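Student: Under full-length UniProt numbering, read the sequence shown as residues 1 to 468, first letter to last.
No residue lacks a Cβ here, since even glycine has one placed at the ideal position from N, Cα and C.
Remember, it's a predicted structure, so these values are computed and weren't measured experimentally.
Mind looking over this structure? Questions follow.
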Amino acid sequence: MASLLAATRIGRTARLKNPLFAHLSRSNILSAFLVGGHEHVRNLTSHVTLDASAGRKDLRVPYIGLYKDSPYQSWTRSFASDTSNLIEAVVPFMGESISDGTLATFLKKPGDRVEVDEAIAQVETDKVTVDVTSPEAGFIEKFVAKEGDTVVPGTKVAIISKSADGAKPVVAEKEKQAPQPSQPLPSADKKVAEKAKRLPSAEPVEAVAKDKVATPSTAVSPKASPSPSEPQLPPKERERRVPITRLRKRVATRLKDAQNTFALLTTFNEVDMTNLMQLRSEYKDAFLEKHGVKLGFMSGFVKGAVSALQNQPTVNAVIDGDDIIYRDYIDISIAVGTPKGLVVPVIRNADHLNFAEIEKTISVLGKKANSGTISIDEMAGGTFTISNGGVYGSLLSTPIINPPQSAILGMHSIQNRPMVVGGNIVARPMMYIALTYDHRLIDGREAVYFLRRVKDIVEDPRRLLLDI
1 MASLLAATRI
11 GRTARLKNPL
21 FAHLSRSNIL
31 SAFLVGGHEH
41 VRNLTSHVTL
51 DASAGRKDLR
61 VPYIGLYKDS
71 PYQSWTRSFA
81 SDTSNLIEAV
91 VPFMGESISD
101 GTLATFLKKP
111 GDRVEVDEAI
121 AQVETDKVTV
131 DVTSPEAGFI
141 EKFVAKEGDT
151 VVPGTKVAII
161 SKSADGAKPV
171 VAEKEKQAPQ
181 PSQPLPSADK
191 KVAEKAKRLP
201 SAEPVEAVAK
211 DKVATPSTAV
221 SPKASPSPSE
231 PQLPPKERER
241 RVPITRLRKR
251 VATRLKDAQN
261 TFALLTTFNE
271 VDMTNLMQLR
281 SEYKDAFLEK
291 HGVKLGFMSG
301 FVKGAVSALQ
311 NQPTVNAVID
321 GDDIIYRDYI
331 DISIAVGTPK
341 GLVVPVIRNA
351 DHLNFAEIEK
361 TISVLGKKAN
371 SGTISIDEMA
381 GGTFTISNGG
391 VYGSLLSTPI
401 INPPQSAILG
411 MHSIQNRPMV
421 VGGNIVARPM
431 MYIALTYDHR
441 LIDGREAVYF
451 LRRVKDIVED
461 PRRLLLDI
């Protein structure tokens with residue numbers, strides 16, 4: 001009886017949902033049940049016969065309305081193709097403050113094999129470059145986005161096939177779309193074409209007459225030469241135009257905003273690098289053996305900047321509207337130049353790190369920055385920035401503040417210069433250092449004291465041990 005009620009409900013639902021089933025009366029279902037038994041009711045969920053003038057059609061009808069406690073199972077057939085073999089590669093989450101990016105380049109081609117988490121494309125944002133990775137191992141069937149498209153997290157970039165068969169249709173389509181070479185003409189057609197070429201082309205008499213008659217203006221006037229006052233511009237074919245990258249655009253915007261907002265002022269000093277270079281020369285091998293990282297000059301300047309910020313907390317502060325925010329922590333940003341642009345990773349809690357920990361952090365962040373794998377979190381924040389233009393040979397510069405900070409320390413190249421030491425003129429390795437600061441918040445006195453403290457620490461690192 002339960003099966004009979006289920007069959008009746010199936011017929012009523014089919015008539016209501018589709019007008020093609022309107023002829024399906026309750027008596028048809030009852031007859032099917034009484035004559036064929038339960039088997040016909042079970043088959044009714046998969047086959048419904050339609051009588052029409054054009055003939056008979058066999059239509060698959062998926063019915064989901066059977067009760068779960070029914071002793072019979074309904075058989076349905078999906079009308080969509082089986083997509084379990086295909087996987088979508090989408091743009092990942094790029095960071096809290098990043099809403100979109102530009103699809104910069106594809107690292108793979110359709111048909112290439114990729115492994116799990118292997119990068120197949122790169123999305124460029126205004127801060128970092130994010131990799132689009134393959135969620136499964138397989139073959140790239142096709143790309144559904146183009147280079148230069150603006151994408152957001154979740155945007156489909158590629159279709160990955162788990163098997164190699166999924167990539168073959170793409171190649172076949174390309175072969176179909178490729179233009180076929182023109183078929184060679186038969187020998188008879190070639191002769192006709194050659195004869196047609198030999199025949200003189202019929203030109204209108206008026207047109208020929210006009211061409212043969214030369215007017216005085218056209219016959220005498222030479223080619224007009226540019227006036228001497230006009231600038232001689234290079235030809236356009238020697239120029240090339242490329243779109244500006246998001247990272248470069250972001251850097252340009254932030255630096256220009258800093259220039260427009262802050263009252264920028266730069267003060268200078270010079271540092272004798274003799275003692276720090278001697279310290280490095282004596283202990284670099286033991287330092288490398290114990291800590292696994294080379295001892296550089298940057299850790300000495302970071303320790304000097306930390307000590308100076310502790311002595312001059314205003315340099316570590318920032319103006320926010322009508323308030324001044326004083327930070328009781330010190331996060332030092334290190335400016336790193338990469339092929340794609342300037343990035344500024346942050347050394348967290350630099351006031352709690354020793355020389356080895358600072359060098360290790362700089363090494364790790366520098367490698368990530370140059371390889372493009374640095375994350376947003378590793379560049380967020382920062383209370384003070386150090387920029388080392390000396391690695392490029394810069395002798396002197398005026399760095400620009402990295403908002404929302406209030407000052408930046410610029411390091412430069414080391415050069416031997418004559419200095420007066422103990423009444424004698426001797427050659428010393430000297431470096432110019434510069435501090436650019438927001439004069440709205442920091443006075444010249446604090447800026448000069450800051451540089452003097454950095455100079456004292458770098459010239460005599462023993463001060464750190466004695467806290468003087």
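#1: Quick check on the burial criterion: 16 or more other C-beta atoms within 10 angstroms. Buried or exposed for F93?
#2: Less than 8 Å between the CB atoms is what I'm expecting for T398 and A434, so what's the real figure, rounded?
#3: Ordered along the chain, which non-local residues of its own chain (more than five positions away) have a Cβ less than 8 Å from that of K146?
#4: Taking a contact to mean a Cβ-Cβ separation below 8 Å, would you say V306 touches D377 in this structure?
#5: What does the Cβ neighbour count give for S97, buried or exposed, with the cut at 16 atoms within 10 Å?
#6: Three or more C-beta pairs closer than 8 Å, one from the stretch 450–465 and one from the stretch 263–280: is that the case here?
#7: Quick one: complete alpha helix (DSSP H) runs, 4+ long, within the stretch 328–376?
#8: Specify the secondary structure class of V302 as computed by DSSP and reduced to three states.
#9: Quick one: what's A447 bridged to in DSSP?
#10: By how many angstroms is the C-alpha of S161 removed from the C-alpha of M431?
#11: In chain order, what residues of the same chain have a beta carbon less than 8 Å from the beta carbon of residue 509, not counting five sequence neighbours either side?
#12: Here's the rule I'm using: 16 or more other beta-carbon atoms within 10 Å means buried, otherwise exposed. How should T125 be labelled?
#13: Measuring only the C-alpha atoms, how far is G296 from L465?
#14: Is the Cβ-Cβ distance between V302 and I401 less than 8 Å?
#15: DSSP on D257, reduced to helix/strand/coil?
#16: Kindly identify the DSSP beta-bridge partner or partners of K156.
#17: In angstroms with no decimal places, state the Cα-to-Cα distance between G154 and I347.
#18: Return the residue from the list K294, D323 and R250 that minimises the CA-CA distance to E359.
#19: Give me whichever residues DSSP pairs with E270 in a beta bridge.
#20: Pick helix, strand or coil for S387, following the three-state DSSP scheme.
#21: Return the Cβ separation of N311 and K455 in integer angstroms, given the expectation that the two are a contact with Cβ distance under 8 Å.
#22: Look up I457 in the DSSP assignment and say whether it is helix, strand or coil.
#23: Would you check if there are 3 or more beta carbon pairs closer than 8 Å linking the stretch 133–147 to the stretch 108–120?
#24: Give every residue of the same chain whose Cβ lies closer than 7 Å to the Cβ of S371, excluding the five residues on either side of it in the sequence, and list them in chain order.
#25: By DSSP's criteria, P418 is part of a beta bridge. Which residues make up the other side?
#26: Going by DSSP in three states, S462 sits in which element: helix, strand or coil?
#27: Excluding five sequence neighbours on each side, which residues of the same chain lie with their C-beta closer than 7 Å to the C-beta of G321?
#28: Grab me the residues of V318's own chain with a C-beta within less than 6 Å of its C-beta, minus the 5 sequence neighbours each way, in chain order.
#29: Just how far apart, CA to CA, sit R113 and V315?
#30: Is the Cβ-Cβ distance between D100 and V132 less than 8 Å?
#31: Can you find the residues in the same chain that come closer than 7 Å, C-beta to C-beta, to K108, ignoring five residues on each side of it along the sequence?
#32: In the DSSP assignment, what are the bridge partners of V315?
#33: In this structure, how does DSSP classify S281 when only helix, strand and coil are distinguished?
#34: Among the candidates I159, G148, D438 and R250, whose CA atom is the shortest distance from the CA of L409?
#35: Could you give the DSSP three-state label for F287: helix, strand or coil?
#36: Taking the straight line between their C-alpha atoms, what separation do you get for S163 and V91?
Tutor: In short:
#1: Counted from its first residue, the sequence shown places residue 93 at position 93. Around the Cβ of F93, a 10 Å sphere holds fewer than 16 other Cβ atoms; the residue is exposed.
#2: The count along the sequence shown starts at 1 and reaches residue 398 at position 398. The count along the sequence shown starts at 1 and reaches residue 434 at position 434. Contact flag correct, Cβ pair sits at about 6 Å.
#3: By one-based count along the sequence shown, residue 146 stands at place 146. Once the five neighbours on either side are set aside, the close Cβ partners of K146 are L103.
#4: Residue mapping note: residue 306 aligns to position 306 of the sequence shown, counting from 1. Residue mapping note: residue 377 aligns to position 377 of the sequence shown, counting from 1. In this structure, V306 lies away from D377, with their beta-carbon atoms at least 8 Å apart.
#5: The residue you call residue 97 lines up with position 97 of the sequence shown. Classification of S97: exposed, given that the 10 Å Cβ count is below 16.
#6: Yes, the stretch 450–465 is in contact with the stretch 263–280.
#7: As far as the stretch 328–376 is concerned, its whole alpha helix (DSSP H) runs of at least 4 residues are 355–371.
#8: As a working mapping, residue 302 is identified with position 302 in the sequence shown. The three-state reading of DSSP puts V302 in helix, counting H, G and I together.
#9: Counting from one through the sequence shown, the residue named residue 447 turns up at place 447. Within the DSSP bridge table, the entry for A447 names no partner.
#10: As a first step, residue 431 must be located in the sequence shown, where it is residue number 431. As a first step, residue 161 must be located in the sequence shown, where it is residue number 161. In a straight line, the C-alpha of M431 is about 58 Å away from that of S161.
#11: Any answer about residue 509 is impossible in this case: the structure gives the chain only from 1 up to 468.
#12: Here residue 125 corresponds to residue number 125 of the sequence shown, with the count starting at 1. Buried: at least 16 other Cβ atoms inside 10 Å.
#13: Position 296 of the sequence shown holds residue 296. Position 465 of the sequence shown holds residue 465. A straight-line Cα-Cα distance of about 19 Å links G296 and L465.
#14: Within the sequence shown, numbered from 1, the residue matching residue 302 stands at position 302. Within the sequence shown, numbered from 1, the residue matching residue 401 stands at position 401. Result no, Cβ atoms of V302 and I401 do not sit closer than 8 Å.
#15: Numbered from its first residue, the sequence shown carries residue 257 at position 257. Residue state, collapsed to three classes: helix.
#16: Within the sequence shown, residue 156 is the residue found at index 156, counting from 1. BP columns for K156 point to V90.
#17: In the sequence shown, counting from the first residue as 1, residue 154 sits at position 154. In the sequence shown, counting from the first residue as 1, residue 347 sits at position 347. When rounded, the distance between both Cα atoms is 31 Å.
#18: Along the sequence shown, one-based indexing puts residue 359 at 359. Per the C-alpha coordinates, the member of K294, D323 and R250 positioned closest to E359 is K294.
#19: Position 270 of the sequence shown, counted from the start, is the residue given in the question as residue 270. Under DSSP, the beta-bridge partners assigned to E270 are Y432.
#20: Here residue 387 corresponds to residue number 387 of the sequence shown, with the count starting at 1. Strand.
#21: Indexing the sequence shown from 1 puts residue 311 at position 311. Indexing the sequence shown from 1 puts residue 455 at position 455. About 13 Å separates the CB atoms of N311 and K455; that is not less than 8 Å, and the two are not in contact.
#22: Start at 1 with the first residue of the sequence shown, and residue 457 comes out as number 457. Helix.
#23: For the pair of segments examined, the stretch 133–147 was found to touch the stretch 108–120: the number of CB pairs separated by less than 8 Å reaches three.
#24: Here residue 371 refers to the residue found at position 371 of the sequence shown. Cβ within range, chain order: n/a, list empty.
#25: Numbered from 1 along the sequence shown, position 418 holds the residue referred to as residue 418. For P418, which the question treats as bridged, DSSP gives the partners A427.
#26: In the sequence shown, residue 462 corresponds to position 462, counting from 1. It is Arg, not Ser, that sits at residue 462 in the sequence shown. Three-state result, R462: helix.
#27: Numbered from its first residue, the sequence shown carries residue 321 at position 321. Non-local beta-carbon contacts of G321 in its own chain, meaning distances under 7 Å to residues more than five positions away in sequence, are absent.
#28: Here residue 318 is taken as the residue at index 318 of the sequence shown, counted from 1. A distance below 6 Å between beta-carbons, with the five flanking residues on each side excluded, links V318 to the following residues of its chain, in chain order: I325, P404 and S406.
#29: Along the sequence shown, one-based indexing puts residue 113 at 113. Along the sequence shown, one-based indexing puts residue 315 at 315. Counting only the Cα atoms, V315 lies some 53 Å from R113.
#30: In the sequence shown, the residue the question calls residue 100 occupies position 100. In the sequence shown, the residue the question calls residue 132 occupies position 132. No.
#31: For this step, residue 108 is matched to residue 108 along the sequence shown. Sequence-distant partners of K108 (beyond 5 residues in either direction) whose C-beta falls short of 7 Å from its own C-beta, in its chain, are V114, I120 and I140.
#32: Residue mapping note: residue 315 aligns to position 315 of the sequence shown, counting from 1. Partner(s): none; V315 has no beta bridge.
#33: Working through the sequence shown from its first residue, we reach residue 281 at position 281. Three-state result, S281: helix.
#34: Here residue 409 corresponds to residue number 409 of the sequence shown, with the count starting at 1. Of the candidates I159, G148, D438 and R250, D438 places its Cα closest to the Cα of L409.
#35: For the purposes of this step, residue 287 is taken as residue 287 along the sequence shown, with counting starting at 1. For F287, the three-state secondary structure derived from DSSP is helix.
#36: Position 163 of the sequence shown, counted from the first residue, corresponds to residue 163. Position 91 of the sequence shown, counted from the first residue, corresponds to residue 91. Distance between the alpha carbons of S163 and V91 is about 22 Å.
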